[in-house]
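For the sequence shown, our numbering begins at 180 and goes up steadily by one. Ideal Cβ placement from N, Cα and C applies to all residues, glycine included.
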Amino acid sequence: MNHKDLWAKHIKLHIYTANYLKDLSRHNINFQIWRDRTIETLQKAFGVNSDMVERFRKIKFNIPQKLHPDDNNNSDYAKKAYITGIEEAIRLLEECLEQLDGSKKNYSIHF
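Put into structure tokens, the structure is as follows:
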């Protein structure tokens, strides 16, 4: 197995995991661990200062402080922002996977 195959497997696992994170929040330790490990994988696969790493880091998983609505609706907006961030991360990881192995939408995980 070459390095590209190894990183592709890691990215597939990050995609798989991201789908299960949608029921959590950005404050959950499992989300935080996933985000940190995903950044580490992207750094190893594409380089520390690569475009993919920077794009992933810029993904917002929360509402910007200045745009917070009133407290009554805050949790709904925060959840929507979190899920939107997860979905954006998945799309970026799919793009990374395509760059590594040229696959198209075949992100199944085999254990």
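Proximity winner among the options, relative to residue i (alpha-carbon distances)
i      : options                        : result
Leu271 : Lys237, Gln211, Leu200, Tyr261 : Lys237
Lys258 : Ile242, Met231, Gln211, Ala268 : Ile242
Leu185 : Glu233, Ser229, Glu267, Phe225 : Phe225
Rounded Cβ spacing between residue i and residue j (contact assumed at less than 8 Å)
i      : j      : result
Glu273 : Ile218 : Between Ile218 and Glu273 the Cβ distance is about 17 Å, and since that is not below 8 Å, they are no contact.
Lys191 : Leu276 : 7 Å
Phe240 : Tyr261 : 5 Å
Exposure label - residue i; buried when at least 16 CB within 10 Å
i      : result
His206 : exposed
Ile208 : exposed
Val227 : exposed
Gly281 : exposed
Range covered by the alpha helix (DSSP H) that runs through residue i
i      : result
Lys188 : 182-200
Ile208 : 208-225
Residue i and residue j closer than 7 Å at C-beta
i      : j      : result
His189 : Thr220 : yes
Leu203 : Trp213 : no
Ala187 : Leu279 : yes
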